[in-house]
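Enquirer: Take this structure first; my questions come after.
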Amino acid sequence: MQKDKVDHEIEAFGWVDRIRNLGGLVFVDLRDRTATLQIVIDPKAIPGVKELGLQDCIQVFGKVRERPDVQKTPKMTTGNVELEVSKIEVLGKSKVPPFVVESDVKANEDLRLRYRYLDLRREPMQQAIMFRHQVITAMREYLNKNDFIEIETPILTRSMPEGARDYLVPSRLYKGKFYALAQSPQMYKQLLMVAGFERYYQIARCMRDEDPRHDRQPEHTQVDMEMSFVDEEDVMTIAEGMFAHIFKQVLGQELKIPFPRMRYKDAIEKYGTDKPDLCFGMEIIDVKAAFKGKGFPPFKDKPDIRALVVKRGGSFSRKELDSLKDRAKELGLPGIFWVKREEKFSGSIAKLLDENIARQLQFEKGDLLVITAGSKKIFPFLGNLRNEFASELGLREKGFKFLWVYDFPIFELDEKTGAFTASHHIFTQPKPEDIKYLDTDPLKVRGRLYDLVCNGNELASGSIRNHNRQIQEKLFGIVKMDPTKYTMLLDALEYGAPPHGGIAPGIDRIIMILAGLKSIREVIAFPKTTTAQGLMENIPDQVTPQQLKDLHIKTDE
RNA sequence: GGGGUCGUAGUUCAGAUUGGUUAGAACGCCUGCCUGUCACGCAGGAGGUCGCGAGUUCAACUCUCGUCGGCCCCGCCA
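Structure representation (structure tokens):
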């Protein structure tokens, strides 16, 4: 709606966003998904203007005119023009909304979710949802161009309870039997490779019955892809190309590819996590050499002594630092120790420091040095601290820092049960040089795995899969998974399965990060709460006794 | 399953530490005035089971306990 429409008679549809009634003249901001337009109404010529209410859906007829210069508002994209109304039709009257529908919404999130269709009218929500559409469009463009074909796989599938908890769907026709909602298309996409489609993708919904978080929903969407005759490099190149395409199409930015890479082991040692946030430094430093000979009892006989140098961290109070100690204790660490540096060193182990060590650590005036000693547990602990310090002190640089993390171990040890579990998923191919440890020391076996991390968030996870039945069965055996649940895959691997691998970037998180939003719920049209409820739909809810009877279900109480 | 935090007009919050008169403000809503506003302005008005339940007390929005709900975190998320 710009100058080229001036003096044209037009009709417009939209919602009443604001009313400024000056008595002899009424201005209404008419909003649709593209913009807001000021319409000007003469209440003498158009009776009934007084009945207009916020959020009414209306149709207006009138002539576009250019505003006099003093009345132009650069704030609005249509700020140079306005519509002189000759007729108004109320298409949908609105009740008084339960909260004021405006960009800078005041209402709490639960109220917004209860009336999500109103919340979604707000400009930031419209932007987010349309942004999401653009990102998904760019993904499809790129994958289509690269000879991927989009194939749908079942939502109703079989329960594979070894992963996350399944959402179960009771069968009506078969008493006591259940389907499960797909946790991922993993099995099917591998079968599509066996079937010879070579390059597949899908905008896939994945459902997992685990507690939601700000970046986790019971159902989430991923762009799931799989390729035959590829190795890690091929998959990573495709994924990098896809992100570059998204950045170019949607943000108009050149994204620097290839992304840097880091071994899992280095990520843990330097950042205490497998998803390092590279928007700031503060790497974990090995200080064992500097402190081992000092005769300080808590450090004695500890396998590792590691430190963080927190730039400008001297501002933390003793109380704040003491609370860290409690947290360390809860984790079974011997405690943490800190030194502040002003004119002199101060703090619990100031005595152990000297100018030499400080210089090596680049520990400068105003900084805080945090040290802890112990087993592997200190790494995730320091990794968490590192992130918290960065948030408190605002250390993060703006921008997007992508990183590949690779060389993950295939297995983890569940400390409670002593059993091995798959660190990512059990379909990952072991690195050929590590296969020899499968029988002797499974924890030593690295997988052909690669995670894509951006600003400390896991955005995608992928691997080269097993296309050999014997190896796949062996892996099932190590984690004590029931291979009969996967018969369809194991059988298929015996009919000319191609080598294959893939990756699955999580769309909700990608949108959240690219849009700079704090919660995944802001980029999903109809999300669930962190208690896994739909407040608008009022779900989960009870069903009728007849429905239960049909499904052969009896509930407690 | 565990921890933290919040819950007071339609909405967002103040009031609570120190229990005591009629629980306030802003936005929204209603009425009136206003022809250049764009967060319009001005005048007036309506609107409250202080989440729910119990306890302490002469007296509870306020203190105690319990409970329900939202958000954040841990567990969990192949």
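Residue numbers for the first sequence follow my numbering, so the first one is 3 and each next one is one higher. From the three backbone atoms N, C-alpha and C, an ideal C-beta is built for every residue, glycine too.
Which word fits Tyr144, buried or exposed, when buried means at least 16 other C-beta atoms lie within 10 angstroms of its C-beta?
Expert: So Tyr144 ends up on the buried side.
Enquirer: If the criterion is Cβ atoms closer than 8 angstroms, does the pair Leu415 and Ile480 meet it?
Expert: No; because the gap between Cβ atoms is not below 8 angstroms, this pair is not in contact.
Enquirer: Tell me, please, which residues DSSP counts as bridged to His502.
Expert: In DSSP, His502 forms a bridge with Ser230.
Enquirer: Does DSSP classify Met264 as helix, strand or coil?
Expert: DSSP places Met264 in strand when its eight states are reduced to three.
Enquirer: Rank Glu86, Leu113 and Leu93 by C-alpha distance to the C-alpha of Ile99 and give the top, closest one.
Expert: The question names Ile, but residue 99 in the sequence shown is Pro. It is Leu113 whose Cα lies nearest to the Cα of Pro99.
Enquirer: Looking only at DSSP bridge pairs, what is Arg201 linked to?
Expert: Met229, per the DSSP bridge assignment.
Enquirer: Under a Cβ-count criterion, where at least 16 other Cβ atoms within 10 Å of its own Cβ denotes burial, should Val311 be classed as buried or exposed?
Expert: It counts as buried.
Enquirer: Please report the straight-line C-alpha distance between Gly283 and Lys7, rounded to a whole angstrom.
Expert: Cα to Cα, the separation comes out at about 53 angstroms.
Enquirer: Measuring CA to CA, which of Arg69, Asp213 and Phe231 is closest to Gly198?
Expert: Of the candidates Arg69, Asp213 and Phe231, the one whose C-alpha sits nearest the C-alpha of Gly198 is Phe231.
Enquirer: Measure the Cβ-Cβ separation of Val28 and Val51 and say whether it is below 8 angstroms.
Expert: For Val28 and Val51, yes; Cβs fall inside 8 angstroms.
Enquirer: Please confirm if the segment 416 to 435 is in contact with the segment 313 to 331, defined as three or more CB-CB distances below 8 angstroms between the two stretches.
Expert: Judged by Cβ distances under 8 angstroms, the segment 416 to 435 makes no contact with the segment 313 to 331, as fewer than three pairs qualify.
Enquirer: If I measure Cβ to Cβ from Ile286 and keep anything under 8 angstroms in the same chain, skipping five residues before and after, which residues do I get?
Expert: Within the same chain, Ile286 has close Cβ partners Glu271, Lys272, Tyr273, Gly274, Arg308, Ala309, Leu310, Phe381, Leu384, Gly385 and Arg388.
Enquirer: In terms of residues, what are the limits of the alpha helix (DSSP H) holding Asn358?
Expert: Here the alpha helix (DSSP H) through Asn358 covers Glu357 to Leu363.
Enquirer: To the nearest angstrom, report how far apart Thr38 and Cys59 are at their CA atoms.
Expert: Straight-line Cα distance between these residues: approximately 13 angstroms.
Enquirer: Enumerate, from N- to C-terminal direction, the unbroken beta strand (DSSP E) stretches of 3 or more residues contained entirely within the segment 260 to 333.
Expert: Fully enclosed beta strand (DSSP E) runs of 3 or longer: 263 to 265 and 306 to 312.
Enquirer: State whether the segment 443 to 460 contacts the segment 170 to 182, with contact taken as three or more CB pairs (one from each stretch) at a distance under 8 angstroms.
Expert: In short, these stretches do not touch, since the Cβ pair count stays below three.
Enquirer: Could you tell me if Thr374 is buried or exposed, where buried requires 16 or more neighbouring beta carbons within 10 angstroms of its beta carbon?
Expert: Classification for Thr374: buried.
Enquirer: How far does the alpha helix (DSSP H) with Tyr190 in it reach, from first residue to last?
Expert: Unbroken alpha helix (DSSP H) run through Tyr190: Gln188 to Val196.
Enquirer: Between Asn358, Phe422, Ile338 and Leu454, which lies nearest to Gly349 when the distance is taken from Cα to Cα?
Expert: Among Asn358, Phe422, Ile338 and Leu454, the Cα nearest to that of Gly349 is on Ile338.
Enquirer: Excluding sequence positions up to five away, which residues of its chain have a Cβ less than 6 angstroms from the Cβ of Glu91?
Expert: Closer than 6 angstroms at Cβ, skipping near neighbours: Gln61.
Enquirer: If the criterion is Cβ atoms closer than 8 angstroms, does the pair Phe402 and Arg448 meet it?
Expert: Against a cut-off of 8 angstroms, the Cβ pair of Arg448 and Phe402 comes out as no contact.
Enquirer: Taking buried to mean at least 16 other C-beta atoms within 10 Å of its own C-beta, is Ala527 buried or exposed?
Expert: The residue is exposed, with fewer than 16 neighbouring Cβ atoms inside 10 Å.
Enquirer: For a test of the three-state rule: what should DSSP assign to Phe402, helix, strand or coil?
Expert: Coil at Phe402, not helix or strand.
Enquirer: Check whether the segment 120 to 130 touches the segment 176 to 184, taking contact to mean three or more Cβ pairs, one atom from each stretch, closer than 8 angstroms.
Expert: Cβ pair count under 8 angstroms is below three, so no.
Enquirer: I'd like the span of the beta strand (DSSP E) that includes Asp19, first residue to last.
Expert: Glu11 to Asn23 is the extent of the beta strand (DSSP E) around Asp19.
Enquirer: Please classify Asn146: does DSSP put it in a helix, a strand, or coil?
Expert: Helix, per DSSP.
Enquirer: Pro278 and Leu405 look like a contact to me (Cβ under 8 angstroms); what is the Cβ gap, rounded to whole Å?
Expert: Confirmed, Cβ separation roughly 7 angstroms.
Enquirer: How would you label Phe422, buried or exposed, when you count the other beta carbons within 10 angstroms and need 16 or more for buried?
Expert: Buried.
Enquirer: Figure out for me which residue from Lys304, Val455 and Arg201 has the closest Cα to the Cα of Glu152.
Expert: The option with the nearest alpha carbon to Glu152 is Arg201.
Enquirer: As an exercise, report each continuous beta strand (DSSP E) stretch of at least 3 residues that is fully enclosed by the segment 388 to 462, in chain order.
Expert: Counting whole runs of 3 or more residues, the segment 388 to 462 contains the beta strand (DSSP E) stretches 404 to 408, 413 to 415, 422 to 424 and 451 to 456.
Enquirer: From which residue to which residue does the alpha helix (DSSP H) around Thr374 run?
Expert: Element bounds for Thr374: not the alpha helix (DSSP H) but the beta strand (DSSP E), Leu370 to Gly376.
Enquirer: Determine contact between the segment 455 to 462 and the segment 480 to 498, defined as no fewer than three beta-carbon pairs at a distance below 8 angstroms.
Expert: As far as the Cβ criterion goes, the segment 455 to 462 does not touch the segment 480 to 498, which means the pair count is below three.
Enquirer: For the candidate residues Lys400, Glu13, Glu435 and Arg210, whose alpha-carbon lies nearest to that of Asn457?
Expert: Among Lys400, Glu13, Glu435 and Arg210, the Cα nearest to that of Asn457 belongs to Lys400.
Enquirer: Using alpha carbons as the reference points, say which of Phe133, Ser393, Glu104 and Arg160 lies closest to Asp31.
Expert: Nearest option by C-alpha distance: Glu104.
Enquirer: How big is the Cα-Cα spacing for Lys342 and Arg116?
Expert: If you take the alpha carbons of Lys342 and Arg116, they lie about 49 angstroms apart.
Enquirer: Using the Cα positions of Pro214 and Pro163, report the straight-line distance between them to the nearest angstrom.
Expert: Each residue's alpha carbon lies about 18 angstroms from the other.
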